[in-house]
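Enquirer: Below are the structure tokens for one structure; questions will follow.
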Amino acid sequence: MYQNVEGSAEERQAPARDIARRTDCARGAGRQRKETSVGRAQRAHDHQRRHYQERFRKRLARAMTLLLDTHVWIWAQESPEKFGRRARALLEDVSNSVSISAIAALEIARLVFLRRIQLAEPASAWVAESVRSLGAQSLDVTQQIAAEAYELPGNFHKDPVDRVLVATARLHNLTLLTADDLILRYPHVKTLRASA
Numbered sequence: 465m466y467q468n469v470e471g472s473a474e475e476r477q478a479p480a481r482d483i484a485r486r487t488d489c490a491r492g493a494g495r496q497r498k499e500t501s502v503g504r505a506q507r508a509h510d511h512q513r514r515h516y517q518e519r520f521r522k523r524l525a526r527a528m529t530l531l532l533d534t535h536v537w538i539w540a541q542e543s544p545e546k547f548g549r550r551a552r553a554l555l556e557d558v559s560n561s562v563s564i565s566a567i568a569a570l571e572i573a574r575l576v577f578l579r580r581i582q583l584a585e586p587a588s589a590w591v592a593e594s595v596r597s598l599g600a601q602s603l604d605v606t607q608q609i610a611a612e613a614y615e616l617p618g619n620f621h622k623d624p625v626d627r628v629l630v631a632t633a634r635l636h637n638l639t640l641l642t643a644d645d646l647i648l649r650y651p652h653v654k655t656l657r658a659s660a
């Protein structure tokens, strides 16, 4: 009896269909693996971005604007070794900003004039160079600050420069960096010990 060893057309097409299915499955698995890999990379990127955004927000929340007392200003330029570790770190942290009152410049000029301190250059040049090197903002003594200086709450000593500095810090919401115990003990202004 004659026997068709090649089989029917449908039977001959079956292996081809199997190969096609296996190829499609392999391609699908490859695409899935690729999409999974891309997805993992995207999720990792998003997580890292959120991490850095959170760190940036926390850094901004911790950022301080410091007002330098007169002697602290001089330390920053002439005797940085007098600063405590925390004060030095705050001054070196670029996320913090530094402000200087015009009254402190007046006091430095007065101390030079009275020969209480010696600088390597005239007070005017020293002040200008120091403000530039510290990247500091110079704050004027406004009429409001002048009035506030003698309307401070509670008890405070009579020194007019200290009163203006405290009034400036209060009205501008600054942290006064000082080593003056009389100012540090005053509870109505934010302060930080420079030598701590």
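What the sequence shown shows, in my numbering, is residues 465 to 660, in sequence order.
In this text, a Cβ means the ideal position worked out from N, Cα and C, and glycines have one as well.
The structure presented is a predicted model; accordingly, all values stated were derived computationally and were not measured.
1) So Leu629 and Leu531 are in contact, right, with Cβ under 8 angstroms, and what is the actual spacing, rounded?
2) Between which two residues does the beta strand (DSSP E) containing Arg657 stretch?
3) Kindly examine the ligand FMN and report whether one of its heavy atoms sits closer than 8 angstroms to the Cβ of Gln506.
4) Taking only runs of the beta strand (DSSP E) that begin and end inside the segment 595–629, which ones reach a length of at least 3 residues, in chain order?
5) Assign Phe520 to buried or exposed, taking buried as 16 or more other Cβ atoms, counted over all protein chains shown, within 10 Å of its Cβ.
6) Can you name, in chain order, every residue of its own chain whose Cβ lies under 8 angstroms from the Cβ of Ile581, other than the five neighbours on each side?
7) Buried or exposed: Ser563, going by 16 or more other Cβ atoms within 10 Å of its Cβ?
8) With 16 as the cutoff for other CB atoms within 10 Å, does Arg627 come out buried or exposed?
9) In the DSSP assignment, find the unbroken beta strand (DSSP E) run with Leu640 in it and report its ends.
10) Out of curiosity, what's the CA-to-CA distance linking Arg507 and Ala551?
11) Can you have a look at Leu555 and say buried or exposed, based on whether 16 or more other CB atoms are within 10 angstroms of its CB?
12) Sort Ala610, Thr655, Ser588 and Asn560 by Cα distance to Asp645 and report the nearest one.
Expert: Quick answer:
1) Working through the sequence shown from its first residue, we reach residue 629 at position 165. Working through the sequence shown from its first residue, we reach residue 531 at position 67. Right, the Cβ-Cβ distance comes to about 7 angstroms (below 8 angstroms), so this counts as a contact.
2) Within the sequence shown, residue 657 is the residue found at index 193, counting from 1. Element bounds for Arg657: Thr655 to Arg657.
3) This structure simply doesn't include the ligand FMN, nor any ligand for that matter.
4) 601–603
5) Reading the sequence shown from its first residue, position 56 is the one you call residue 520. The predicted position of Phe520 is uncertain, since its pLDDT is 40 and thus under 50; no value can be drawn from it.
6) Against the sequence shown, residue 581 aligns to sequence position 117. Excluding residues within five positions, the ones whose Cβ falls inside 8 angstroms are Ile538, Ile572 and Leu575.
7) What you label residue 563 is simply residue 99 of the sequence shown in a count that begins at 1. Buried, because 16 or more other Cβ atoms sit within 10 Å of the Cβ of Ser563.
8) Translated into the one-based positions of the sequence shown, residue 627 becomes position 163. Flag for Arg627 reads buried.
9) Within the sequence shown, the letter at position 176 stands for residue 640. Segment Thr639 to Thr642, the beta strand (DSSP E) holding Leu640.
10) Taking the sequence shown and counting its residues from 1, the one referred to as residue 507 is at position 43. Taking the sequence shown and counting its residues from 1, the one referred to as residue 551 is at position 87. Arg507 and Ala551: Cα-Cα distance of roughly 40 angstroms.
11) Here the question's residue 555 lines up with position 91 in the sequence shown. Result: buried.
12) The residue you call residue 645 lines up with position 181 of the sequence shown. The residue with the shortest Cα to Cα distance from Asp645 is Thr655.
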